[in-house]
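Residue numbers (our numbering), protein chains in the order written: chain Z, 1 to 398; chain Y, 399 to 796.
Cβ coordinates follow ideal geometry from the N, Cα and C atoms, glycine included.
Keep in mind that this is a model prediction, so the values were computed, not measured.
Data block below; observations after.
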């Protein structure tokens with residue numbers, strides 16, 4: 001192992017005493033991000049004003065950071081660009097893929113996908129009309145459901161609720177064998193485990209950066225287009241910064257070169273500054289090391305909770321090949337149990353209807369924290385201390 | 399006049415000696431924004447982590463700030479929400495309006511519109527198929543071109559190049575008389591002059607915040623939906639935060655209540671923090687005062703430049719009713735002249751092919767700065783000092 005996880009842990013500013021197992025929802029603050037954002041606000045925006053677009057390199061940032069993310073997801077250089085939200089990028093990838101497969105009308109997804117992906121597909125299908133439809137099957141039925149009617153598969157590799165991981169290579173291969181294109185959502189993959197987009201031959205991929213990549217709340221998304229599609233893909237959301245010559249202000253749209261065409265509007269410069277600081281932490285990280293440590297963390301948590309809390313039911317696959325970097329347990333009173341855990345300094349989250357969700361992010365979580373979290377959870381379950389009114393009042397955001 | 403423009407000027411951190419006439423492109427840094435963003439990064443993201451969505455109020459921020467912008471654009475409370483970029487919001491407004499007028503297929507716009515609006519409409523038309531089209535006429539022909547084939551008008555009130563202002567009331571009235579819906583782009587209106595969306599009966603409106611509203615580079619956009627359409631409008635880009643119950647994680651999309659449905663993905667929390675600080679400056683500003691001062695500034699600049707620089711041709715209407723809050727002059731060597739001005743400490747910008755563009759933002763620009771800018775421009779034109787190679791090399795971002 002060449003990765004120094006003691007160093008990566010020190011790169012984050014996490015409140016003392018807190019065990020943060022929710023980096024799969026919102027990553028913690030990289031220590032360097034506060035200064036980087038402050039510099040962006042004061043020296044760049046404040047000091048350079050409009051000239052920051054050139055002098056501070058704001059305009060090139062989406063592609064420059066995209067290249068740094070490319071390494072983590074096995075993408076070729078020049079194939080990833082930042083911008084917008086994951087939902088918007090899902091729409092672009094789907095619309096683009098559908099247009100490239102004009103004889104077919106079906107988007108295939110699964111019920112384990114994050115709902116926003118399904119909602120965006122629903123909105124796109126509605127706008128397209130003409131018999132387009134979204135077909136949703138159970139996660140375990142995806143491979144079999146890919147037939148010659150499917151235009152595009154839209155699958156999230158790792159299930160946001162259970163942490164169950166799809167076989168990206170097998171699904172992509174089957175999609176291609178049946179004449180479909182494969183769109184992958186890497187929301188719970190990028191920075192969580194090694195991804196090999198080029199190796200599996202993915203057509204499009206999208207992901208967010210505020211989870212395992214630690215860009216902060218509302219950090220921008222990314223989109224990947226395979227090099228073989230770079231000049232054929234139409235962005236659907238064809239904004240001026242995806243134009244071949246944005247500052248010519250032509251009245252007619254002409255798609256920009258390669259991945260640049262997937263840009264839409266003005267990039268969120270302050271959020272990108274935070275992301276840039278977060279990406280520095282990844283420079284010395286080997287993704288195989290990350291995966292080994294992630295599996296050690298999740299194995300230990302599963303074993304510990306199963307031994308101490310028999311009333312919780314494991315929802316995450318035991319098989320390493322089918323597991324992301326999170327562990328989930330089911331319990332009918334999951335919401336209250338999670339609130340009790342949070343009150344005791346262990347932050348995970350709850351996903352309806354009954355999932356307790358724990359993210360294990362090797363950059364800043366160690367085995368000692370896993371053991372302490374297991375101990376606290378075991379205490380709450382043994383004492384029944386979650387069974388209080390204040391833990392049962394649902395917050396707006398769960 | 400009740401507005402204290404000395405106080406608003408002091409609320410901005412502008413480099414000493416600089417005359418900043420480019421607030422129509424990127425507003426300067428509000429002094430309070432640096433601390434507000436730093437607090438968001440350190441105390442909220444760093445200290446609250448995932449609980450910031452509830453504890454720091456991140457989730458409600460898009461509607462809360464939307465209400466503050468509503469006052470400036472004459473919108474009813476609860477009709478404006480923040481998110482995404484202007485281009486994305488143009489797409490949503492257009493798609494939604496088209497769906498509400500199903501018997502018609504034409505989007506009407508004009509050649510003075512910002513190209514990204516036209517590009518987004520082009521992308522939407524391509525996705526819709528079925529005979530939908532974008533019809534673009536000269537700005538002065540818009541009113542006449544609204545006929546019974548038009549489904550939606552998509553007009554930017556103030557021309558980004560010339561500062562020419564459309565008659566929003568007349569165009570909206572004609573659109574409605576002919577059975578069309580009116581979508582307004584307020585990019586160069588919001589915070590620049592009084593807008594009366596409710597009064598003119600606009601159907602949809604969109605705008606950005608990094609110009610006259612001073613939210614910083616890449617600040618989020620806003621969208622307005624008239625109350626009468628609130629429950630009929632479909633967002634087209636139907637993301638999870640526009641769902642009726644985002645945290646129920648239902649598989650089927652159900653649009654949220656009213657304007658909330660126009661939300662898409664996770665909001666850019668750091669950018670919204672900057673915007674929130676910027677909005678505080680507007681609390682004591684009367685929009686009629688703002689307009690009076692804006693016209694005084696632009697009148698003085700026009701008179702000064704015309705007197706001192708006969709080789710520059712005014713591109714902005716003299717008629718107050720037809721003018722926004724910027725002044726533009728044409729010159730074949732406009733690019734080089736603007737670079738010479740910037741080198742001399744007067745920041746405006748250039749828009750192809752020949753426009754020198756100057757924004758007059760009453761919150762922080764005064765008559766003395768207008769006079770100094772005129773003097774510097776006159777000196778450059780009289781001496782021909784713009785005619786140097788270093789002023790003719792085009793930057794990536796102009």
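Classified as exposed, residue 383 of chain Z has fewer than 16 neighbouring CB atoms from the shown chains inside 10 Å of its CB.
Not flagged as an interface residue toward chain Z: residue 736 of chain Y, since no C-beta distance is shorter than 8 Å. Rounded to the nearest whole angstrom, the C-alpha separation of residue 408 of chain Y and residue 296 of chain Z is 56 Å. Note that the C-beta distance between residue 490 of chain Y and residue 621 of chain Y is below 8 Å.
In this structure, residue 327 of chain Z and residue 358 of chain Z form a Cβ contact; the two beta carbons are roughly 5 Å apart against a cut-off of 8 Å. Taking 8 Å as the threshold, the shortest C-beta distance from residue 572 of chain Y to chain Z does not fall below it. The beta carbon of residue 647 of chain Y falls within 8 Å of a beta carbon belonging to chain Z, placing the residue at that interface.
Residues of the stretch 339-372 of chain Z whose Cβ lies closer than 7 Å to any Cβ of chain Y, in chain order: 347, 349, 351, 352.
The beta-bridge partner set that DSSP reports for residue 756 of chain Y consists of Y:725. According to the DSSP assignment, residue 688 of chain Y belongs to the alpha helix (DSSP H) that extends over 685-706.
Going by DSSP, residue 531 of chain Y is part of the beta strand (DSSP E) stretching over 531-535. Contact fails between the stretch 595-612 of chain Y and the stretch 445-459 of chain Y, because fewer than three Cβ pairs, one in each stretch, are under 8 Å apart. Residue 749 of chain Y is bridged by DSSP to Y:753. Residue contact check for residue 795 of chain Y against chain Z: a CB pair falls below 8 Å.
Straight-line spacing of the CA atoms in residue 406 of chain Y and residue 464 of chain Y works out to 21 Å.
Contact between residue 158 of chain Z and residue 108 of chain Z fails: their C-beta atoms lie close to 18 Å from each other, not under 8 Å.
In terms of CA proximity to residue 190 of chain Z, Z:206 leads the group Z:17, Z:198, Z:206, Z:181. A distance below 7 Å between beta-carbons, with the five flanking residues on each side excluded, links residue 443 of chain Y to the following residues of its chain, in chain order: 450. Burial of residue 759 of chain Y is indicated by the presence of at least 16 other C-beta atoms within 10 angstroms of its C-beta. Distances from the CA of residue 119 of chain Z to each of Y:474, Y:649, Y:717, Y:545 were compared; the closest alpha carbon is that of Y:649. Taken through DSSP and simplified to helix, strand or coil, residue 246 of chain Z comes out as helix. Taking a Cβ-Cβ threshold of 7 Å, the residues of chain Y close to residue 45 of chain Z are 427, 614, 615, in chain order. Pairing residue 279 of chain Z with residue 31 of chain Z gives a Cβ-Cβ distance that is not under 8 Å. Taking 7 Å as the Cβ-Cβ cut-off, the stretch 642-673 of chain Y approaches chain Z at 645, 646, 647, 648, 649, 651, 662, 663, 664, 665, 666, 667, 668, 669, 672, given in chain order. Less than 8 Å divides the Cβ of residue 617 of chain Y from the Cβ of residue 673 of chain Y. Taking 7 Å as the Cβ-Cβ cut-off, the stretch 79-111 of chain Z approaches chain Y at 84, 85, 86, 87, 88, 91, 95, 111, given in chain order.
Taken in chain order, the members of the stretch 435-459 of chain Y whose beta-carbon sits within less than 7 Å of a beta-carbon on chain Z are 435, 436, 439, 440, 443, 444, 445, 447, 448, 450, 451, 452, 456, 457.
Around the beta carbon of residue 320 of chain Z, fewer than 16 other beta carbons lie within 10 angstroms, which makes this residue exposed. The C-beta of residue 123 of chain Z comes closer than 8 Å to at least one C-beta of chain Y. Distance between residue 689 of chain Y and residue 591 of chain Y, taken at the CA atoms: about 5 Å. In the three-state reduction of the DSSP assignment, residue 584 of chain Y falls in the coil class.
Its chain contains 598 as the residues whose beta carbon lies nearer than 7 Å to that of residue 567 of chain Y, once the 5 sequence neighbours on both sides are disregarded; these appear in chain order. Of all residues in the stretch 130-145 of chain Z, those with a C-beta nearer than 9 Å to a C-beta of chain Y are 130, 136, reading in chain order.
The C-beta of residue 765 of chain Y has fewer than 16 other C-beta atoms within 10 Å across all chains shown, which makes the residue exposed. Residue 324 of chain Z and residue 480 of chain Y have their C-alpha atoms some 33 Å from each other. In summary, no residue of the stretch 576-601 of chain Y has a CB separated from any CB of chain Z by less than 7 Å.
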